[in-house]
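There are 2 protein chains.
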Amino acid sequence: MKSVKAFAPATVANVCCGFDILGFAVNQPGDEVILTLRDDELVRMVSVKGDGGKLPLEAERNTAGVAVISYLRSLGVKQGVDIELIKNLPLGSGMGSSAASGAAALVGINELLGNPLSREQLVIHAMEAERVACGSAHADNVAPSLMGGFVLVREYNPLDVIKINATDDLYCSLVHPHLELKTEDSRKVLRQSVSLKDTIAQSGNVAGLMIGLTKPDYALIGRSLKDVIAEPIRSAFIPGFDAMRQTAVEAGALGFGISGSGPTVFALSETMEKAHAAAKAIQREFEKHRLKSDLFVSKVNQRGAYIID
Amino acid sequence: MKSVKAFAPATVANVCCGFDILGFAVNQPGDEVILTLRDDELVRMVSVKGDGGKLPLEAERNTAGVAVISYLRSLGVKQGVDIELIKNLPLGSGMGSSAASGAAALVGINELLGNPLSREQLVIHAMEAERVACGSAHADNVAPSLMGGFVLVREYNPLDVIKINATDDLYCSLVHPHLELKTEDSRKVLRQSVSLKDTIAQSGNVAGLMIGLTKPDYALIGRSLKDVIAEPIRSAFIPGFDAMRQTAVEAGALGFGISGSGPTVFALSETMEKAHAAAKAIQREFEKHRLKSDLFVSKVNQRGAYIID
Chain A
4 MKSVKAFAPA
14 TVANVCCGFD
24 ILGFAVNQPG
34 DEVILTLRDD
44 ELVRMVSVKG
54 DGGKLPLEAE
64 RNTAGVAVIS
74 YLRSLGVKQG
84 VDIELIKNLP
94 LGSGMGSSAA
104 SGAAALVGIN
114 ELLGNPLSRE
124 QLVIHAMEAE
134 RVACGSAHAD
144 NVAPSLMGGF
154 VLVREYNPLD
164 VIKINATDDL
174 YCSLVHPHLE
184 LKTEDSRKVL
194 RQSVSLKDTI
204 AQSGNVAGLM
214 IGLTKPDYAL
224 IGRSLKDVIA
234 EPIRSAFIPG
244 FDAMRQTAVE
254 AGALGFGISG
264 SGPTVFALSE
274 TMEKAHAAAK
284 AIQREFEKHR
294 LKSDLFVSKV
304 NQRGAYIID
Chain U
4 MKSVKAFAPA
14 TVANVCCGFD
24 ILGFAVNQPG
34 DEVILTLRDD
44 ELVRMVSVKG
54 DGGKLPLEAE
64 RNTAGVAVIS
74 YLRSLGVKQG
84 VDIELIKNLP
94 LGSGMGSSAA
104 SGAAALVGIN
114 ELLGNPLSRE
124 QLVIHAMEAE
134 RVACGSAHAD
144 NVAPSLMGGF
154 VLVREYNPLD
164 VIKINATDDL
174 YCSLVHPHLE
184 LKTEDSRKVL
194 RQSVSLKDTI
204 AQSGNVAGLM
214 IGLTKPDYAL
224 IGRSLKDVIA
234 EPIRSAFIPG
244 FDAMRQTAVE
254 AGALGFGISG
264 SGPTVFALSE
274 TMEKAHAAAK
284 AIQREFEKHR
294 LKSDLFVSKV
304 NQRGAYIID
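Protein chains in written order, with this note's numbering: chain A, 4 to 312; chain U, 4 to 312.
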């Protein structure tokens, strides 16, 4: 039967001042999915590798399966598919793990059916998968994983997802400490109201980041990578956070923050060398707190999920 | 003695989603200032025309005088100057009237002294004048009046003022109803805390506006011109406000909102024709509430204040 292999990248949501509205994709790491058409209407997860047995094998509960089911239903296509998922992204890491599985599966099934939907049109099906995985249908990971680059989620009702005409030359350091943090838990700690002063500061920084990314103005990107809303609360869960910012910037990074809702942290740099230096500097801070960590250093991804050969 | 005449344009601060961080300049109307060097150290307001006698004639209390005094002090220049101010902007209108007088005076004195300071460097002196006129040293009118175009005030401490690489092709309708509203009063009514949901919505819209202006993407500019923070409260002071938005958009405007803290309202359009149509449509709504109004339709200004001949 017809078969295809797809890759979808890890993503950094929030990006400091872009709390709940912004995300970007990196070239590596990412999840892979092999989809094989069946001659019946069954959608099955046939295997999941690399998750340590933690992810469900029922298609209705696995993000790859949920995304494909939502896609097929919306098109009214009576087509079954076998899904093999290769998890390269750590679970509950803040690197968009659930989003990447859904995005890869969607790009795969869309390819198998002759690409009837655009990348933007796939977003809504990946959001359905996020609802199952995280309890809320957010788009700030799935949209950049599908579309690549920096993506703004301006509004949900109606959904308005915009790829930002950002500079190509940005390098991301991701440092994933070996401690688990649930998205749901780190949402609960957020305050439901914000001072007018902080609202204005956040607006100013996100506007500055947009201008910095599009001009591009790297110093402005650096000055704008601040979060006065989630970070002051969530950073308490990440040992050594403040020292990490300092050491990352001293190593040459433009800015530093929490990836998604953590515990992974990220830095953005103007060169690959600085991104490597920042990653190692951050890792040394985790070591001071007796935490092991994984490093991922990569260029910001512009193409999003793609079909492998 | 050496003399110079300078013009500085009206400005629209806030620009819906850019509450307290954004402003833009228009080509017309604007204030004019004639500066003449003296052979002593005295800074004098020799005349103010067009204000109906409302503005102070003491240099230490008039924005044009305050700006010039701040400028001369910072440079340590012992130079006197006579200032004639021609007010074309209505007072207390939300069109950056006080800012324009200060901006024109600063561009004038800077020219007379051989332009030792850049436009960005003049901003801080114009802010001093705003402090005297409005009680707070805000920059969202003075920065665009001096620098032209759309200007982001990302942060005040330290001051970070950024000219946005926005499209040239935008046309502004300003409609000034004959009712007075004090900036101080319309600040008092604002709530000092904002829901997390509204903070996110405002961030999404201001990010969308930045992308829309720089791409340019006119539909995105229109979708992003929303204010969930100040407008729901301040629009109560402007009779017919909601109907005006509808009629302006029906006339072809991309978006509509309060200029500064009002009572002037503005619309942005893609062509001069649409800007004229929107202005007239808005004026008709004011007429329904028995309010006369003045219309100013003009291209968004890119150069800021300038020396006349």
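Every residue gets a Cβ at the ideal spot worked out from N, C-alpha and C, and that includes glycine. Computed from a prediction, not measured in an experiment: that's the story for all the values here.
If you compare alpha carbons, which of the options is closest to residue i?
{"i": "A:GLU183", "options": "A:ALA103, A:LEU45, A:GLY265, A:TYR74", "result": "A:GLY265"}
{"i": "A:ALA233", "options": "A:LYS5, A:LYS8, A:CYS19", "result": "A:CYS19"}
{"i": "A:VAL252", "options": "A:HIS128, A:GLY138, A:ALA222", "result": "A:ALA222"}
{"i": "A:VAL110", "options": "A:LEU125, A:GLY97, A:ILE89", "result": "A:LEU125"}
{"i": "U:MET4", "options": "U:ALA169, U:LEU40, U:ALA11", "result": "U:LEU40"}
{"i": "U:ILE236", "options": "U:ARG248, U:LYS200, U:ARG194", "result": "U:ARG194"}
{"i": "U:LEU257", "options": "U:ALA280, U:GLY243, U:ILE241", "result": "U:ALA280"}
{"i": "U:LEU228", "options": "U:LYS218, U:GLU61, U:ALA210, U:SER6", "result": "U:ALA210"}
{"i": "U:ALA129", "options": "U:SER139, U:GLY117, U:PRO119, U:VAL145", "result": "U:VAL145"}
{"i": "A:ASN340", "options": "A:ASP43, A:ILE214, A:ASN91", "result": "This structure gives no information on residue 340 of chain A, because the portion of chain A shown stretches from 4 to 312."}
{"i": "U:VAL69", "options": "U:VAL197, U:ILE86, U:ASP54", "result": "U:ILE86"}
{"i": "U:GLY26", "options": "U:VAL71, U:LEU88, U:GLY99", "result": "U:GLY99"}
{"i": "A:THR267", "options": "A:ASP163, A:SER104, A:VAL15", "result": "A:VAL15"}
{"i": "A:VAL71", "options": "A:GLU276, A:LYS200, A:LEU116, A:ASP245", "result": "A:LEU116"}
{"i": "A:GLU114", "options": "A:GLY138, A:LYS8, A:GLU63", "result": "A:LYS8"}
{"i": "A:GLY139", "options": "A:GLY215, A:LYS277, A:THR66", "result": "Note that residue 139 of chain A is Ser in the sequence shown, not Gly. When each option's Cα is compared against that of A:SER139, the closest is A:THR66."}
Using the DSSP secondary-structure output, state which residues sit across from residue i in a beta bridge.
{"i": "A:HIS279", "result": "Beta-bridge pairing links A:HIS279 to no other residue."}
{"i": "A:VAL135", "result": "DSSP lists no partner for A:VAL135."}
{"i": "U:CYS175", "result": "U:LEU271, U:SER301"}
{"i": "A:MET48", "result": "A:ILE86"}
{"i": "A:PRO2", "result": "What the structure shows of chain A is the stretch from 4 to 312, and residue 2 of chain A is not part of that stretch, so it cannot be assessed."}
{"i": "U:ILE310", "result": "U:ALA9"}
Buried or exposed for residue i, going by 16 or more other Cβ atoms inside 10 Å?
{"i": "U:ALA102", "result": "buried"}
{"i": "U:ASP179", "result": "The question names Asp, yet the displayed sequence has His at residue 179 of chain U. Buried is the call here."}
{"i": "A:ARG306", "result": "exposed"}
{"i": "U:ILE1", "result": "This structure leaves residue 1 of chain U out entirely; chain U is present only between 4 and 312."}
{"i": "U:LYS141", "result": "The residue asked about is misnamed: residue 141 of chain U is His in this sequence, not Lys. U:HIS141 is buried by the Cβ-count criterion."}
{"i": "U:PRO161", "result": "exposed"}
{"i": "U:SER121", "result": "exposed"}
{"i": "A:LEU45", "result": "exposed"}
{"i": "A:GLN286", "result": "buried"}
{"i": "A:ILE311", "result": "exposed"}
{"i": "A:GLY151", "result": "buried"}
{"i": "A:GLY56", "result": "exposed"}
{"i": "A:ALA239", "result": "exposed"}
{"i": "A:SER383", "result": "Here chain A covers residues 4 to 312 and nothing more, so residue 383 of chain A does not appear."}
{"i": "A:VAL192", "result": "exposed"}
{"i": "U:LYS291", "result": "exposed"}
{"i": "U:VAL36", "result": "buried"}
{"i": "U:ASN118", "result": "exposed"}
{"i": "U:THR202", "result": "buried"}
{"i": "A:ASP42", "result": "exposed"}
{"i": "U:SER272", "result": "buried"}
From what residue to what residue does the alpha helix (DSSP H) around residue i run?
{"i": "U:SER77", "result": "66-78"}
{"i": "U:PRO235", "result": "234-237"}
{"i": "U:LYS166", "result": "U:LYS166 -> not in any alpha helix (DSSP H); beta strand (DSSP E) instead, spanning 162-166."}
{"i": "U:ALA146", "result": "145-150"}
{"i": "A:GLU63", "result": "That residue, A:GLU63, is in no alpha helix (DSSP H); it is neither H nor E in DSSP."}
{"i": "A:THR250", "result": "244-253"}
{"i": "A:GLY111", "result": "100-115"}
{"i": "A:SER227", "result": "221-227"}
Output the boundary residues of the beta strand (DSSP E) element that contains residue i.
{"i": "U:GLY33", "result": "25-40"}
{"i": "U:PHE10", "result": "6-16"}
{"i": "U:ARG157", "result": "153-159"}
{"i": "U:ASP85", "result": "84-89"}
{"i": "A:GLY260", "result": "258-261"}
{"i": "A:SER198", "result": "196-198"}
Cβ-based contacts, 8 Å cut-off: residues of the segment 159-192 of chain A near chain U: ASP163, ILE165, ILE167, ASN168
Between the segment 200-224 of chain U and chain A, which residues of the former have CB atoms less than 7 Å from a CB of the latter, in chain order? THR202, ILE203, GLN205, SER206, GLY207, ASN208, VAL209, ALA210, GLY211, MET213, ILE214, THR217, LYS218, LEU223
Report the residues of the segment 135-159 of chain A with a CB closer than 8 Å to any CB of chain U, ordered along the chain. LEU155, VAL156, ARG157, GLU158
Residues, ordered as in the chain, of the segment 243-271 of chain A that lie near chain U by beta-carbon distance below 7 Å: none
Against chain U: residues of the segment 22-33 of chain A by CB proximity under 8 Å: PHE22, ASP23, ILE24, LEU25
Please list, in chain order, the residues of the segment 83-100 of chain U that have any C-beta partner in chain A closer than 8 Å. none
Within 9 Å of chain A by C-beta, residues of the segment 105-121 of chain U in sequence order: none
Cβ-based contacts, 8 Å cut-off: residues of the segment 231-242 of chain U near chain A: ILE232
Mind listing which residues of the segment 122-133 of chain U have their C-beta closer than 9 Å to chain A's C-betas, in chain order? none
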